[in-house]
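Visitor: Heads up: the sequence shown is residues 26 to 259, going by our numbering. To start, I am sharing the structure in question, which I have written as structure tokens.
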Amino acid sequence: MVNKSVNGRKASVSVPFLVMSILFVVCLIASNLFETKLFTVCGISLTGGVIIFPVSYIINDCLVEVYGYRKSRLVIWMGFAMNFFVVATAQIVRLLPASPFWDGGEHFNYIFSLAPRVTLASLLAFISGSTVNAMIMSKMKVAQKGRGFSLRAIVSTIGGEGVDSLIFFPIAFWGIGTVEMARLMVTQIVLKTAYEIVILPLTNFCVNRLKKIEGEDVYDTNISYNPFKLKDLQ
């Protein structure tokens, strides 16, 4: 933790929190771009985002467990601000005249013409899903008096991923067929939850290590769960 003086008072900048926030943003932006690809393994259709998107939920669990719901909420919104910045910049790049010797324009335009719709779907879905995920984590921690992190990590992921998938897929992949879309949604929820279960030992280690390094273990009592209340960080 790095200390600096602000208006005569000491303010702290947590390096672990900063690193996790950056990783969260990178995972979010990358997963939104990867979502534009559909692939099939053993007859199961998946989106490319399944490779990296679950990591953002694991980071979200760590943030809520160690730093509390309010800081997690700020990181979520920062992630989407940066995501929109990338997508908006990509649309400007699409409008630039291509060099005559470059033949990748069609592929570039295909990917980034889908990105705005995917981003819109992701915004609505992830804000809702991640808020549900963080809220479940936060409330269960208080109810369990800090015990049972693994259980609340799994339960919160099921709740968050369920809400996320119900919103994301109908918007991002409208027109692919109701049955196929339902399969995609169920498969994504199951695989992402399984991903979280498999990696739980590492998540538990990171959470315990973070608590020791930071000297923090926040319990969210008497707070507002309003996802738009971004200035409430005290």
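Just so you know, even glycine gets a beta-carbon here, dropped at the ideal spot from N, CA and C.
Would a C-beta distance cut-off of 7 angstroms place L53 and L255 closer than the cut-off?
Guide: No, the Cβ-Cβ distance between L53 and L255 is not below 7 angstroms.
Visitor: Out of Y92, I117, T72 and L63, which has the shortest C-alpha to C-alpha gap to G240?
Guide: When only C-alpha atoms are compared, the closest one is Y92.
Visitor: Are I84 and S56 touching if we call contact CB-CB under 7 angstroms?
Guide: Cβ distance not < 7 angstroms, so I84 and S56 don't count as in contact.
Visitor: By the three-class DSSP mapping on this structure, what secondary structure does F64 have?
Guide: DSSP places F64 in strand when its eight states are reduced to three.
Visitor: Just curious, the alpha helix (DSSP H) that L99 is in, first and last residue?
Guide: Looking at the DSSP string, the run of the alpha helix (DSSP H) that includes L99 is Y94 to L120.
Visitor: Apart from the five residues just before and just after I107, which ones in its own chain have a Cβ nearer than 7 angstroms to its Cβ?
Guide: The question names Ile, but residue 107 is Met in the sequence shown. V50 and I54.
Visitor: Is it buried or exposed, A113, if we count other Cβ atoms within 10 angstroms and call 16 or more buried?
Guide: With fewer than 16 Cβ atoms within 10 Å of its Cβ, A113 is classed as exposed.
Visitor: Skipping 5 residues on each side, what residues in its chain have a beta carbon closer than 7 angstroms to that of I248?
Guide: Correct list, in chain order: Y94 and R95.
Visitor: Do A159 and S97 have their C-beta atoms within less than 7 angstroms of each other?
Guide: Yes, these two residues count as a Cβ contact at 7 angstroms.
Visitor: Less than 7 angstroms between C-beta atoms, sequence neighbours within five positions excluded: which residues of the same chain meet that for G246?
Guide: The question names Gly, but residue 246 in the sequence shown is Thr. V167.
Visitor: What did DSSP end up calling A36 once you bin it into helix, strand or coil?
Guide: Unreliable placement is indicated for A36, whose pLDDT of 46 sits below 50; the coordinate value is still reported in the next sentence. Here A36 sits in strand by DSSP.
Visitor: Considering only the beta carbon of each residue, do D86 and A178 sit closer than 7 angstroms?
Guide: Yes, Cβ-Cβ distance for D86 and A178 is below 7 angstroms.
Visitor: Where are the beta strand (DSSP E) runs, 3 residues long or more, that stay fully inside the segment 177-205, in chain order?
Guide: Counting only runs of 3 or more, we get nothing.
Visitor: Please report how far the alpha carbon of T218 lies from the alpha carbon of E186, in whole angstroms.
Guide: Their Cα atoms are separated by approximately 8 angstroms.
Visitor: Could you check the C-alpha separation between K237 and P41 for me, to the nearest Å?
Guide: The straight-line gap from Cα to Cα measures roughly 12 angstroms.
Visitor: Would the beta-carbon of S155 fall within 7 angstroms of that of I101?
Guide: Contact flag set, yes.
Visitor: Thinking C-beta only, is V232 closer than 7 angstroms to E60?
Guide: Cβ distance not < 7 angstroms, so E60 and V232 don't count as in contact.
Visitor: Just to confirm, is the Cβ distance from S181 to M162 under 7 angstroms?
Guide: Taking 7 angstroms as the Cβ cut-off, S181 and M162 qualify as a contacting pair.
Visitor: Leaving out five residues before and five after N146 in sequence, what residues of the same chain have Cβ atoms less than 6 angstroms from its Cβ?
Guide: First, the residue type needs correcting, since residue 146 is Ala and not Asn in the sequence shown. Counting only Cβ-Cβ distances below 6 angstroms, and skipping sequence neighbours, we find F193, I196 and A197.
Visitor: Closest to Y244 by CA distance: which of Q169, C67, F137 and Q116 is it?
Guide: Out of Q169, C67, F137 and Q116, Q169 has the C-alpha closest to the C-alpha of Y244.
Visitor: Whose C-beta lies closer than 6 angstroms to the C-beta of I225 among residues of the same chain, with five residues either side of it excluded?
Guide: Looking at the sequence shown, residue 225 is not Ile but Leu. Only S175 meet the Cβ criterion.
Visitor: Verify whether the separation of the beta carbon atoms of R63 and T72 is less than 7 angstroms.
Guide: Sequence inspection shows Leu at residue 63; the Arg mentioned does not correspond to that position. Taking 7 angstroms as the Cβ cut-off, L63 and T72 qualify as a contacting pair.
Visitor: What is the residue span of the beta strand (DSSP E) that I224 lies within?
Guide: From DSSP, I224 is part of no beta strand (DSSP E); its letter is neither H nor E.
Visitor: Going by DSSP, which residues form a beta bridge with S70?
Guide: Its beta-bridge partners are T65.
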